[in-house]
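In full-length UniProt numbering, the protein residues as written are 1 to 108.
Positions of the beta carbon are idealized from the N, C-alpha and C atoms, including for glycine.
Predicted model, so just to flag it, every value in this text is computed and none were measured.
Take a look at the structure set out below.
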């Protein structure tokens, strides 16, 4: 994970995401997923762009299936914005940076 991207796991999801005082974008991904790997530099760039305003983390679905199941992740990559402990919006698939940024802007 790059500088401003945090690793989200089943064990820290509650603290890092649901209890966060800022919006959180979670990238549900897997190492074998080509679109996930394509999206990774975009997620890192967004983490730098939104540092201090939005927390951005990645959750490996193969290693953290409890949280993946809880949120009904069926396809990856899936990006979910959480705010005040609630899911606000989600995108599935590799999307351009500006599409994801527009989604984040709505929840600032």
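Query	Result
Top-ranked residue by Cα proximity to residue 3, from 38, 13, 57 and 24	57
8 Å Cβ cutoff met for residue 96 and residue 35	no
CA nearest to the CA of residue 70, picked from 6, 5, 7 and 13	13
Among 106, 86, 103 and 68, the one whose alpha carbon lies nearest that of residue 30	68
Coarse secondary structure for residue 16, derived from DSSP in three states	helix
Integer-rounded CB distance, given that residue 43 should sit under 8 Å from residue 27	5 Å
Beta carbon of residue 103 nearer than 8 Å to that of residue 87	no
Boundaries of the beta strand (DSSP E) in which residue 37 is found, first to last residue	Counting along the chain, residue 37 falls outside any beta strand (DSSP E), though it belongs to the alpha helix (DSSP H) covering 34 to 49.
Cβ pair residue 11, residue 55 closer than 8 Å	no
Selected residue, minimal CA-CA separation from residue 5, among 41, 32, 15 and 33	41
Residue 51 classed as buried or exposed, judged by whether at least 16 other C-beta atoms fall within 10 angstroms	exposed
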